[in-house]
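Numbered according to the numbering used here, the sequence shown spans residues 563 to 1186. Glycine included, C-beta positions come from ideal geometry on N, C-alpha and C. These figures come from a predicted structure and were not determined experimentally. Some notes on the structure that comes next.
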Amino acid sequence: MARTLRIKDHWREQQLFTSRLLVSVVIVLGLMGLVVARLVHLQVGQYEYYSAQSSGNRIRVQPIPPIRGLILDRNGSILAENTPSYQLEMTPEEVPDMADTLRRLQASGILGEEDVPELEEQIASRRAFDTVVVAERLTDEELAAFAVQRPHFPGLEIRARLGRSYPYGMAAAHVLGYVGGISADDKKVLDPVEYAGTTHVGKISVERSFEAALHGTSGHEDVVVNVHGRRMQLLDRVRSLPGRDVILTIDMATQLAADAALTGRRGAAVAIDPRNGEVLAFVSTPAFDPNAISAGLSRRAYLALQEDIDRPLFNRALRGQYPPGSTIKPMVALAALHFGVTTAERRIGCGGAYSLPGSRHRYRDWRPEGHGSVNLYNAIEQSCDVYFYSVARDLGIERLGDFLKAFGLGSVTGLDIGGEQSGLVPSPAWKKKAFRRPADQVWFPGETVIAGIGQGYLLVTPLQLAHATATVAARGQRFQPTLLRGSRDPATGTVTYEAPKPLPPVPDQERADWDAIIEGMHGVMQGPRGTARAVGMNAPFQMAGKSGTAQVFTVGQNERYNAAEVEERRRDHALFVAFAPLEAPRIAVAVVIENGESGSKAAAPIARAMMEAYLQTTPAEEPT
């Protein structure tokens, strides 16, 4: 058989080679494209993730927050302490999907819808590796519910913490304040090193004012952690130092007596030791539950407190400003004696009203029929308005105002918690600045007249009123009011006491002048015609006091005030000041009850209850 000869086709071979080469190139380029795309995805798109992962195997500094100091009253009763609790904490950098995590926390009931914006704000204001508190003081049921779902919540952990607890609840709320989560505004003023790991800080009152002492010193641990943040090895530890225990001047028995007596009322009560300025009681009602706020109120619950018509968040003892009414009459009388416009024996006829020379306007006395002929003692004992109208006119507003300022009215007392209001002692110069219309800038003689009975523009805080009363009790000697009695080192138990802070005294007075006004105040409580004799009767100690009524609205010239026809919140405020024991005062008290009408009936019993609680349980020791 003949063999078939094949002629080699070079052109076809070349074409085949070329096509195979092109396919190979396409495949190689495709593979290279995939590699490049993957590299771009890893190094650009997933940069932050893998960067975090790579830095996960590193030495991490873990803060050790200090234990917050206790707050005690003057007798050692615990007013604020630390109790163990469980809280849910989040480390944002370990949460793969924050939106989904927050959604599922809401679905589980651990997080309310209204709490999400605040939590998101905290997350945004902190570093990714800083822990954020999601929920505090978890119940056993909440702990169990989260434990079941724990694998589905990466970056969240249940941790045991010491939470702030206030054993007396509302009774000391306004003086103690509360702690709360560190906000973005707090972070602007707090030391980031000292507060690393700390989740709460003092917000108001004592908790805020003494934050530096209560917080302590932060410590830290240097540890090796893996990519999951798990602790692998401890390298170094610097222990934290607990905060100092703060000892207040508050006597809790007196505080509780005032709180109980003020229950259901809007008002305030302050008690001060005239010998050193120590605040023995500081109550404002209604109040709030500091335990609930410290545990973390929802936005809705906190908004309800803010919108409450009775204003439980408002510290009336510190910030409430009221006309003092007749409670300042002893100081007005002392001013009249000091400037020589009257004497203790001089008598003035009271027929139930007073008129300025050349005027038919009648400034009425609280007693329509008048008090007859009265001297200084009678005027204070019976609270004769006409007498003080007369001496105020003779004094003039400038001298009267300057003398009231010498008692601390019209300026802050300097109490060692923030937010104090200054009150107001008016003057012609003040009125020119306060009003725009020239006609409103004129100081009228009638405004001086009513200033003599604590009405008009004159405003005081309950704290100022207690401070002024303490000054009367101390016969002109003044001390800056204080809540801080001392502090204690928790390690050694060593107590460091604070020294009293004297203030400039009231201008020199004759002893007889002080005797005259104090005798009149004693007559208020135990005199035959004293306005508060019913309260002073059968008291276990001798007291000196003065009632007061402050108008909420102006009554017309030809009208009479009738409480039964006036809406409750427009009725007169009731005030009372007092000190005891008479010969050697150890406590001075000021009580204000909004819309309480009668100082003698509504406020005076509260003052007596406070003085009894203090004097019957506290020995007459020398002040520290």
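{"Query": "What are the partner residues of R1108, as DSSP defines its beta bridges?", "Result": "Correcting the residue identity first, residue 1108 is Lys in this sequence and not Arg. Partner(s): V1139."}
{"Query": "Taking the DSSP output, what are the residues bridged to T1044?", "Result": "E840"}
{"Query": "Mapping the DSSP letters down to three states, classify A722 as helix, strand or coil.", "Result": "strand"}
{"Query": "Three-state secondary structure (DSSP) at D784?", "Result": "strand"}
{"Query": "What did DSSP end up calling H933 once you bin it into helix, strand or coil?", "Result": "coil"}
{"Query": "List the whole-angstrom C-beta distance separating T811 from R636, where the pair is believed to meet the contact cut-off of C-beta under 8 Å.", "Result": "6 Å"}
{"Query": "Please report the distance separating the alpha-carbon of G1016 from that of F997.", "Result": "21 Å"}
{"Query": "Give me the Cβ distance between Q883 and T1111, rounded to the nearest whole Å; I'm assuming they're in contact under 8 Å.", "Result": "Incorrect: roughly 16 Å between the Cβ atoms, too far for contact."}
{"Query": "What did DSSP end up calling R998 once you bin it into helix, strand or coil?", "Result": "coil"}
{"Query": "Please classify T554: is it buried, with 16 or more other beta-carbons within 10 angstroms of its beta-carbon, or exposed?", "Result": "An answer regarding residue 554 cannot be provided, because it is not within the stretch 563 to 1186 covered by the chain."}
{"Query": "Can you give the Cα-Cα distance for I910 and K1163, rounded to whole angstroms?", "Result": "27 Å"}
{"Query": "So, at 8 Å on beta carbons, what are the nonlocal neighbours of R955 in its own chain, with the 5 sequence-adjacent residues on each side left out?", "Result": "L918, P1007, T1010, V1011, G1014"}
{"Query": "Please report the residue range of the alpha helix (DSSP H) in which D947 lies.", "Result": "947-957"}
{"Query": "Should N1100 go down as buried or exposed, given a rule of 16 or more other Cβ atoms within 10 Å for buried?", "Result": "exposed"}
{"Query": "Thinking C-alpha only, which one of K1063, Q576, E769, S973 is nearest R806?", "Result": "E769"}
{"Query": "Here's the rule: buried if 16 or more other CB atoms are within 10 angstroms of the residue's CB, otherwise exposed. What is A1040?", "Result": "Note on identity: in this sequence residue 1040 is Arg, with Ala being the wrong assignment. Buried is the call here."}
{"Query": "Is L664 near A697, with beta carbons less than 8 Å apart?", "Result": "no"}
{"Query": "Could you give the first and the last residue of the continuous alpha helix (DSSP H) run that contains T1058?", "Result": "Unbroken run through T1058 is the beta strand (DSSP E), 1057-1059; no alpha helix (DSSP H)."}
{"Query": "Compare the C-alpha of V786 against each of F1138, Q795, G778, R1037 and name the closest.", "Result": "Q795"}
{"Query": "Taking CB distances under 8 Å as the criterion, tell me whether E680 reaches chain D.", "Result": "Among the chains in the structure shown there is no chain D, since it carries only a single protein chain."}
{"Query": "I need the straight-line Cα distance from L705 to G671, nearest angstrom please.", "Result": "12 Å"}
{"Query": "From the DSSP output, which residues share a beta bridge with L796?", "Result": "V785"}
{"Query": "Comparing C-alpha positions only, which one of W1005, C946, V903, C912 sits nearest to Y1019?", "Result": "W1005"}
{"Query": "By Cβ distance below 7 Å, which residues in the same chain neighbour A733 in space, the five residues on each side in sequence not counted?", "Result": "Q817, L818, D821"}
{"Query": "Please name the residue in R1133, A1032, Q1178, V678 whose C-alpha comes closest to that of L859.", "Result": "V678"}
{"Query": "Please confirm whether H900 and F950 have their CB atoms less than 8 Å apart.", "Result": "no"}
{"Query": "Out of E683, S581, G739, E719, which one is the CA nearest neighbour of I979?", "Result": "G739"}
{"Query": "At the level of alpha carbons, what is the spacing between K1108 and K765?", "Result": "36 Å"}
{"Query": "Could you check the C-alpha separation between E1174 and L641 for me, to the nearest Å?", "Result": "22 Å"}
{"Query": "Can you have a look at T761 and say buried or exposed, based on whether 16 or more other CB atoms are within 10 angstroms of its CB?", "Result": "buried"}
{"Query": "Taking all protein chains shown into account, do 16 or more other C-beta atoms lie within 10 angstroms of the C-beta of Y1059, making it buried, or fewer, making it exposed?", "Result": "exposed"}
{"Query": "At what residue ranges does the region 815-891 contain a whole run of the beta strand (DSSP E), taking only runs of 3 or more?", "Result": "829-834, 841-847"}
{"Query": "Which of helix, strand or coil does DSSP assign to H923?", "Result": "coil"}
{"Query": "Could you tell me the boundaries of the beta strand (DSSP E) in which E651 lies?", "Result": "640-652"}
{"Query": "So, M1172 versus A849, is the Cβ gap smaller than 8 Å?", "Result": "no"}
{"Query": "Looking at the structure shown, is D1075 part of a helix, part of a strand, or coil, going by DSSP?", "Result": "helix"}
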